[in-house]
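Asks: Order-wise, the sequence lines are chains P and W. So for the first sequence, this note's numbering puts the first residue at 59; every next one is plus one. So for the second sequence, this note's numbering puts the first residue at 11; every next one is plus one. Think of the CB as a built atom: it goes at the ideal place given N, C-alpha and C, for glycine as much as any other residue. Remember, it's a predicted structure, so these values are computed and weren't measured experimentally. Provided herewith is a single structure, encoded as structure tokens, for subsequent inquiry.
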Amino acid sequence: MKRVDFLEIEGKSGGFFLLLGALGALLIAALGSAYFMEHNGHVVTGMNNQIVWGIPHVFAVFLIVAASGAINVASVSSVFKKPAYKPLAPLSGLLAMGLLAGGLAVLVLDLGRPDRLIVAMTHYNFKSIFAWNIFLYTGFMAVVFVYLWMMMERRFNKYSRPAGITAFIWRLMLTTGTGSIFGFLVARQAYDAAIMAPMFIIMSLAFGTAIYILVLMAAYKWTGRELGQFVLSKLRSLLGIFIAAVFLIVATYHLTNLYVAENAGVESFILFDGNVYTYMFWLGQILIGTALPLALIFSPQLKTSNNALVYASIFTIVGGLAQLYVIIIGGQAFPMDIFPGYEVTSSFFDGQIGMYNPSIPEIMLGVGGIAIAGLIVTIGVKLLKFLPANLSDNAVDPHHKG
Amino acid sequence: MSKSEENTTDIQRRKVLVAGAAAAGVTLVPGVMMIEVAQAKPDAESASRSVRWGMLIDSNKCKSGCDDCVSACGKENGWAKDKTPMSQKPQWMRKVNLKHKATGKEASLPMMCQHCEKPPCVDVCPTGASFKRTDGIVLVDKHTCIGCRYCMMACPYKARSFVHEVIEDHDSYMPRGMGTVESCTMCVHRVDKGELPACVESCKEKAILFGDLNDPNSDIAKRLKEYPSRQIRADLRLNTGVSYEGI
């Protein structure tokens, strides 16, 4: 393995400050939205007593899940001992911390009482997977921080593998915990399935890798550093495998549900009814999020096309958001089967499909999570040596001739 | 006077009244009064483990157009006053009209918190704000509820509401607050005084029977033993404190 030098980015260009400014503006808009929501109450959102988790949860869960996927690039290097990924590992840790911080911020700011965060930190019900997740999320931050430290401080390099293995196990627990938030809900037809946990693990790998690819390519393009096909082709294959794996689990989930008579209602609601969730599923999740990126990744003509990889990554992210929209909001919109076999009406919208129109402040809050992740990564790569100075094939490919 | 001082004074005043009533009850009319006083739980005493409060609702007696119980609940607990839009307005209790898809049989009944023995809302609550009293009543501690709404995701009966707007005035015995979750308390403030829940009292048809499920001599236990009834979503094995007849 050739020696790889890491270097901070210069961070003096107009583009750099423009990026910081844009992300900062999004963050301010998000904080303003959160204040507006907390000041007036959730009455100003599209959420109601039928759809209690809205678009902020879609963004928050997406970011949290993607965070544990982003660390995967580092895991491949340290846990699975693939030296080719070693130069990519520090950015992977930074991105994971940034994404998690963004997701958690959105989750907390959407609480009815975000001012009571201290209560959540001091009162625990250990039967609640939510309480466990508080430890899994904060613990993940600490574990990844230590892992980065061991990787980046030469004296401690010998500890980076055990730290990497800890981070890998922790991230598996984290996504298991996040998926189980839905898996443990007996009340609703769309949830209450153990497959939610592995599904979220696989989703995290796809979303995290897609975001990693975009961040890496943007960072190298904007700083004029070289990024060769050796690195990109590995990430490309990883992304392709993860997208296919998500599809396999999603297909299993729906086919299993279709087999069970009691779940036929929710399946036809999501898959065939022609409502917004049907479109989100078939167009968003399956066409844009699965078929298109797989075609872009595995078509032989596009094997070395950077643009194809960029689009494949963007489509994966769009598909991922659509998937979480279907899971979180679609799952709540389907009326709860409180009285099987009966037509039900009431003043509380029993038997009716839940209505949800996301409001601007909710969307701004969700996007703010992305801005937080972006700011952490942008400032991180400027302050510390996260990025290799050169990722050209000549610099990193041991078999490169030229 | 601050709110908490006001509450303390209130509580003290109530204690004096209860003690006075007890003394009067014991000395003046021993028989009847003593039973009534014995039913009320002193404020300092925790809920009894030996009791499990429950309700039995006879949907055969429940009229489809009538919502006296819902109105009484809204008035007693203050949520009826909320001006929030309908989809976001708290509803601790609601009337549900049912029509069987195959047979066309119709029924009407009130739905609210079913006060499960194994409540999913309590299991999922991260802070323990959702809790079950030893006498089976499921409540939300408004001081530790962070408004995450996971309990609303978990409740199979859609029994819980989130307070979407600032609440201007609420009664001292039923504190409510924006950003927290709430639901039927089985009128715990009345039950602890030996009174009936507001919905039970308001029903002219006497369709709601309230009592101690653990006491084999209570009306509710006797009726449950004698006539068929069912728990809603009994398949979930939550063993609800509320049962229904006629569906």
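Please tell me whether isoleucine 67(W) and isoleucine 230(W) are closer than 8 Å, where the distance is taken between their beta carbons.
Replies: no
Asks: Tell me which same chain residues have a C-beta within less than 6 Å of the C-beta of histidine 115(P), skipping the five on either side of it?
Replies: Ile386
Asks: Excluding the 5 residues preceding and the 5 following alanine 261(W) in the sequence, name in chain order all residues of the same chain whose CB lies nearer than 6 Å to its CB.
Replies: Because chain W in this structure spans residues 11 to 257, residue 261(W) falls outside the shown range and cannot be described.
Asks: Could you tell me which chain W residues have their CB closer than 7 Å to the CB of valine 110(P), listed as they occur along the chain?
Replies: Arg159, Met162, Met163 and Phe172
Asks: Going straight from the alpha carbon of valine 61(W) to that of serine 228(W), what length do you get?
Replies: Computed Cα separation, rounded: 11 Å.
Asks: Touch check for the region 162-171 of chain W and the region 121-131 of chain W: three-plus C-beta pairs under 8 Å?
Replies: yes
Asks: Kindly indicate which three-state DSSP category valine 42(W) falls into: helix, strand or coil?
Replies: Any reading at valine 42(W) must be qualified, since the residue scores a pLDDT of 41, below 50, and its modelled position is unreliable; no value is offered.
Asks: Where does lysine 235(W) land, buried or exposed, given buried means 16+ other C-beta within 10 angstroms?
Replies: Its Cβ having fewer than 16 others within 10 Å, lysine 235(W) is exposed.
Asks: Find the residues of chain W that neighbour glycine 377(P), judging by a C-beta separation of less than 7 Å, and give them in chain order.
Replies: Within chain W, no residue comes near glycine 377(P); the closest Cβ sits about 24 Å away, beyond 7 Å.
Asks: Note the first and the last residue of the continuous alpha helix (DSSP H) segment covering glycine 426(P).
Replies: 418-441
Asks: With DSSP run on the structure shown, which of helix, strand or coil describes tryptophan 63(W)?
Replies: strand
Asks: For a minimum of 4 consecutive residues, which ranges assigned as the alpha helix (DSSP H) are wholly contained in the region 283-318 of chain P?
Replies: 287-317
Asks: Return helix, strand or coil for aspartate 222(W), following the three-state DSSP convention.
Replies: Reduced to three states, the DSSP call for aspartate 222(W) is strand.
Asks: Between the C-alpha atoms of threonine 436(P) and leucine 78(P), what's the straight-line distance to the nearest angstrom?
Replies: 7 Å
Asks: Going by beta carbon distance, what residues of the same chain come within less than 7 Å of valine 384(P), once the five residues before and after it are set aside?
Replies: Ile328, Tyr335, Met338, Phe339 and Gln343
Asks: Comparing alpha-carbon positions, which option in Phe242(P), Leu445(P) and Ala189(P) lies nearest leucine 65(P)?
Replies: Leu445(P)
Asks: For aspartate 133(W), go through chain P and note every residue whose CB falls closer than 7 Å to its CB, in chain order.
Replies: Lys185 and Ser186
Asks: Using a Cβ cut-off of 7 Å, pull out every chain P residue sitting near tyrosine 258(W), in sequence order please.
Replies: There is no way to answer for residue 258(W), as the model of chain W reaches only from 11 to 257.
Asks: With a Cβ-Cβ cutoff of 8 Å, do valine 273(P) and leucine 153(P) count as a contact?
Replies: yes
Asks: Quick check on DSSP: helix, strand or coil for methionine 122(W)?
Replies: coil
Asks: If you draw a straight line from the C-alpha of tryptophan 63(W) to the C-alpha of tyrosine 254(W), how long is it?
Replies: Cα to Cα, the separation comes out at about 15 Å.
Asks: Report buried or exposed for phenylalanine 214(P), applying the criterion of at least 16 other Cβ atoms within 10 angstroms of its Cβ.
Replies: exposed
Asks: Chain W partners of aspartate 408(P), CB-CB under 8 Å?
Replies: Arg104, Val106, Met121 and Lys168
Asks: Measuring alpha carbon to alpha carbon, tell me which of Asn333(P), Ala87(P) and Thr180(P) ends up nearest isoleucine 411(P).
Replies: Asn333(P)
Asks: Taking beta-carbon pairs under 9 Å, can you tell me which members of the region 70-95 of chain W lie near chain P?
Replies: Against chain P - using a Cβ distance shorter than 9 Å - the residues of the region 70-95 of chain W are Asp77, Val80, Thr94 and Pro95.
Asks: Please compile the residues from chain P whose C-beta is within a distance smaller than 7 Å of the C-beta of glycine 189(W).
Replies: Gly99, Gly170 and Arg171
Asks: Cβ atoms of proline 145(P) and valine 202(P): under 8 Å apart, would you say?
Replies: no
Asks: Report the rounded CA-to-CA distance for glycine 189(W) versus proline 52(W), giving the unit in angstroms.
Replies: 31 Å
Asks: Is proline 446(P) helix, strand or coil by DSSP?
Replies: Per DSSP, reduced to three states, the secondary structure at proline 446(P) is strand.
Asks: From Lys216(W), Glu175(W) and Ala57(W), pick the residue whose C-alpha is nearest to that of lysine 91(W); which is it?
Replies: Glu175(W)
Asks: Please list, in chain order, all residues of the same chain as glutamate 215(W) whose beta carbon is under 6 Å from its beta carbon, the five residues on each side excluded.
Replies: Lys71
Asks: Would you kindly check if the distance between the Cβ of glycine 388(P) and the Cβ of threonine 348(P) is under 8 Å?
Replies: no
Asks: Could you tell me whether any Cβ in chain P is nearer than 8 Å to the Cβ of arginine 243(W)?
Replies: yes
Asks: I'd like to know whether the C-beta atoms of histidine 104(W) and phenylalanine 406(P) end up nearer to each other than 8 Å.
Replies: Inspection of the sequence shows that residue 104(W) is occupied by arginine rather than by histidine. Contact: yes.
Asks: Are the beta-carbon atoms belonging to alanine 447(P) and arginine 283(P) less than 8 Å from one another?
Replies: Taking 8 Å as the Cβ cut-off, alanine 447(P) and arginine 283(P) qualify as a contacting pair.
Asks: Between the alpha carbons of valine 47(W) and serine 212(W), how many angstroms are there, rounded?
Replies: Note on valine 47(W): pLDDT 42, under 50, position unreliable in the model; the coordinate value appears next. Their Cα atoms are separated by approximately 22 Å.
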